[in-house]
Structure formats: C-alpha cells, structure tokens
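Undergrad: Please see the structure below; I have some questions.
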Amino acid sequence: MVYAIAPLQDGLGFGKQVTGLAPSDIEDEAVRRELRHHWLQDGLLVFRDSEVTPEFQIDLSRVFGELEVHPIPELVTDGTPELITLVSDQNREGLFEIDGKPSIAFLPWHSDLVFTDRINHGGVLTAKQISSWGGETGFIDQVQAYDLLPDDLKTEIEGLDIVYQLCVNPGYSRYGTRSKVRTLRTSDFEKSVGPRLDTDYPPVVHPVVFTQPDTGRKVLNISPFGALHILGRDDEAGHALLQRLVDHLVSCPAYHHSWKPNEMLAWDNWRMAHSVSGAAPDEVRIMQRTTIMGDYGLGRKLSALQAVA
Ligand SMILES: O=C(O)CCC(=O)C(=O)O
Ligand SMILES: [Fe+2]
Numbered sequence: 001m002v003y004a005i006a007p008l009q010d011g012l013g014f015g016k017q018v019t020g021l022a023p024s025d026i027e028d029e030a031v032r033r034e035l036r037h038h039w040l041q042d043g044l045l046v047f048r049d050s051e052v053t054p055e056f057q058i059d060l061s062r063v064f065g066e067l068e069v070h071p072i073p074e075l076v077t078d079g080t081p082e083l084i085t086l087v088s089d090q091n092r093e094g095l096f097e098i099d100g101k102p103s104i105a106f107l108p109w110h111s112d113l114v115f116t117d118r119i120n121h122g123g124v125l126t127a128k129q130i131s132s133w134g135g136e137t138g139f140i141d142q143v144q145a146y147d148l149l150p151d152d153l154k155t156e157i158e159g160l161d162i163v164y165q166l167c168v169n170p171g172y173s174r175y176g177t178r179s180k181v182r183t184l185r186t187s188d189f190e191k192s193v194g195p196r197l198d199t200d201y202p203p204v205v206h207p208v209v210f211t212q213p214d215t216g217r218k219v220l221n222i223s224p225f226g227a228l229h230i231l232g233r234d235d236e237a238g239h240a241l242l243q244r245l246v247d248h249l250v251s252c253p254a255y256h257h258s259w260k261p262n263e264m265l266a267w268d269n270w271r272m273a274h275s276v277s278g279a280a281p282d283e284v285r286i287m288q289r290t291t292i293m294g295d296y297g298l299g300r301k302l303s304a305l306q307a308v309a
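Here the sequence shown is numbered in the UniProt record's numbering, starting from 1 and rising by one per residue.
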C-alpha cells in the first residue's frame with residue numbers, strides 16, 4: 001500500500017492526515033522531506049492505519065529531529081528513555097471531578113516543556129490503552145490564533161513575556177481551564193514532583209509572540225496551563241489582559257482526536273496548543289510520547305532576569 005496525505009478536516013485550516021505509512025517508507029529521504037514540510041506547514045499530522053510499534057514511533061520522530069530524554073524522571077519509560085509513558089489510573093494517578101463528573105486523564109490546554117527555558121520542538125504520541133469514552137487529545141493552531149487576534153491586541157502584546165512554572169494538578173493553574181476541577185485523589189505524580197517544584201523546576205519566562213523561523217509566521221505563544229502572570233504585570237490589569245488572550249486562544253478552531261488503534265499523532269510544539277478531555281474513571285488510559293529536541297532560543301529562567309534587573 002502506498003501512503004496518502006490529505007487535509008485533516010475540511011475548513012480547519014491546519015493539520016494533515018497520513019494514511020498507511022509503513023516503516024520502510026521513511027527510509028526514503030524524499031518522504032522524510034515531505035513529512036517535515038507538512039509538520040512545519042500544517043502543525044499536526046495524524047497517522048492512520050500504520051503498524052504502530054515503539055520502534056516505528058521513535059524512528060518516525062527522528063524524521064523531525066533528534067530526541068531528548070524528558071526532564072521529569074517520573075515520566076521516562078524504563079528501558080526506553082526516548083519515550084515517556086503517561087498513565088491515567090485512578091488507583092495510582094489523579095482522580096478529578098471535572099464540572100461535577102468524575103474523570104481521569106484531564107489535561108488543560110498547554111505547550112510541552114513550557115515550564116523549562118527550552119521548549120522542545122515536538123512529539124509523536126501513541127495510545128497503548130484507549131478509554132471507552134473521553135481521553136480525546138485536542139489541538140489549537142497558535143498561528144491561526146495570532147492571525148485571528150484583533151489588531152489592538154496584536155499591538156498591545158508585542159514585546160510582552162509570560163512567567164510559567166510546572167503545574168502538577170490541573171486544578172491549581174489559574175489559566176488552565178474554566179472548568180471546575182475538584183481533586184478526588186491526589187496523583188502519585190503530584191506527591192512525587194510537587195515537593196521539589198521550586199528546586200528542580202523554578203519559574204521561567206517565554207515571549208507572548210514568536211515568529212516561526214521556517215515560515216516567518218507569528219505564533220500566539222501562550223500555554224494557559226502553567227501560566228502564572230505577564231512578566232512585570234502581576235496586577236489586576238495584567239491578569240485581565242492574560243485572561244482575554246487565553247479566552248481568545250481557547251475559542252479558536254480546535255481538532256479533538258478520538259483515538260483508534262494503529263494511530264500516531266505528530267505535532268509542532270512551537271505552534272500547537274493541546275489538551276486532553278476527561279476520560280472514563282474506572283478504566284486505565286495509557287499513552288506514550290517522544291520528545292523532539294530543539295530550542296527556539298527565547299525562553300529564560302526568571303532568576304537570570306532578576307539577577308540582571
Ligand atoms: O494524553 C494525551 O492525549 C496527550 C498528553 C500530552 O499532553 C502530551 O503527550 O504531550
Ligand atoms: Fe502535552
């Protein structure tokens with residue numbers, strides 16, 4: 001079977017689906033170039049009807065760049081450091097009530113590694129165990145979000161930065177979600193990582209707007225989950241502005257991926273905000289992801305800025 005590339009969804013404005021890609025296809029440099037082109041141009045690639053194995057997932061990830069080991073050791077997979085494993089299991093990980101409904105897996109809109117000063121360029125995600133309901137992975141295009149901003153906001157946010165810190169519970173993030181989140185069971189992740197947040201994951205700063213090096217397009221570079229405040233504007237007006245930007249971002253066109261077997265998702269993390277909807281609490285959902293290295297060069301540690309000031 002020859003693989004095929006098509007738009008992901010009519011009228012969406014981002015994303016491609018790639019059907020029937022085989023491991024042998026990515027030995028060809030022309031295929032690798034084509035995939036890289038769409039990854040950068042379209043932001044999100046949905047691979048369907050591929051024979052998914054960890055080896056193929058890792059080899060496919062290397063089409064887009066070198067891989068790095070994720071900076072949170074709790075997530076790194078034993079024996080396969082190229083992969084993180086994200087387990088949602090109410091007996092080990094968090095159980096939440098989202099707007100009154102018990103759920104696992106819920107993750108607010110975010111960019112990966114925004115809590116470090118070097119945001120990775122992307123990831124390739126697979127589902128090891130799928131939920132019978134929920135657990136959809138959502139995507140919003142931040143290039144489109146920038147283009148859709150009113151002109152006055154485009155002017156107002158030029159040159160602004162946002163302070164971020166790793167957030168270990170969706171209910172703690174001021175800008176994570178408008179849903180009402182109640183923790184029914186504290187996750188093992190929160191218990192393990194929470195106490196060493198300030199030592200291992202101190203606050204960092206990223207610009208609100210960044211220009212994609214490969215295309216010259218501007219990106220509304222906001223990760224609601226983990227955002228603390230606009231740098232130097234931790235006041236009512238600053239929070240109102242950030243809330244307005246977050247409200248705009250999450251109202252932009254979104255794609256919600258409902259997982260089936262033999263699928264992989266690849267996204268450009270410098271441009272695609274993503275989220276996970278709450279899933280069936282009495283089941284176990286397991287995902288695995290690679291972390292594709294890169295540095296857009298604009299992140300800084302807050303302590304470094306304060307030392308200069
Ligand atoms: O579990 C998912 O569907 C996505 C989790 C996520 O945010 C990620 O892999 O970066
Ligand atoms: Fe993520």
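Don't be surprised by glycine CBs; every beta carbon is placed ideally from N, CA and C.
#1: For the alpha helix (DSSP H) that W39 lies in, which residues bound it at each end?
#2: If the criterion is Cβ atoms closer than 8 Å, does the pair G20 and D49 meet it?
#3: If I follow the unbroken alpha helix (DSSP H) through P156, where does it start and stop?
#4: At what residues does the beta strand (DSSP E) containing Y255 begin and finish?
#5: Ligand 2 and residue 320: does any heavy atom of the ligand fall closer than 7 Å to the residue's C-beta?
#6: Please check the pair Q90 and I72, which I expect to be a contact at CB under 8 Å, by giving their CB distance rounded to whole angstroms.
#7: Tell me where the beta strand (DSSP E) around D89 begins and ends.
#8: Could you check if L8 is buried or exposed, using at least 16 other CB atoms within 10 Å of its CB as the buried criterion?
#9: Short of 8 Å in beta carbon distance, which residues of its chain neighbour G138, apart from the five on each side in sequence? Order them along the chain.
#10: Can you check DSSP and say which residues form a bridge with K218?
#11: Straight-line CA distance for D235 to H229?
#12: If I'm right that V208 touches I222 with Cβ under 8 Å, what's the distance once you round it to whole angstroms?
#13: When DSSP labels each residue in this structure, what does A237 get in the three-state scheme?
#14: Hey, is T116 close to ligand 1, as in C-beta under 7 Å from one of its heavy atoms?
#15: Using only CA atoms, which one of S132, Q243, L12 lies nearest to T177?
#16: In angstroms with no decimal places, state the Cα-to-Cα distance between R217 and T53.
#17: Taking C-beta to C-beta, are Y164 and H121 nearer than 8 Å?
#18: Ligand 1 and M287: does the residue's C-beta get closer than 7 Å to at least one heavy atom of that ligand?
#19: Which one of Y175, L298, G15 has the shortest CA to CA distance from D117?
#20: Between the C-alpha atoms of L220 and V250, what's the straight-line distance to the nearest angstrom?
#21: Indicate the three-state DSSP secondary structure (helix, strand or coil) for E97 in the structure shown.
#22: Given the structure, does V87 come close to ligand 3, in the sense that its CB is under 7 Å from one of the ligand's heavy atoms?
TA: In terms of the structure at hand:
#1: 29-42
#2: yes
#3: Checking the sequence shown, residue 156 turns out to be Glu, not Pro. Element bounds for E156: 151-157.
#4: 254-257
#5: Since the first and last residues shown for the chain are 1 and 309, residue 320 lies out of range.
#6: Not a contact, Cβ separation roughly 21 Å.
#7: 80-89
#8: buried
#9: W109, A254, Y255, H256, H257, H274, S275, V276, S277
#10: Answer is T211, bridged to K218.
#11: 8 Å
#12: 6 Å
#13: helix
#14: no
#15: Q243
#16: 34 Å
#17: no
#18: yes
#19: For the options Y175, L298, G15, the alpha carbon positioned closest to that of D117 is the one of L298.
#20: Rounded to the nearest angstrom, the two C-alpha atoms are 11 Å apart.
#21: strand
#22: This structure lacks ligand 3; its bound ligands are ligand 1 and ligand 2.
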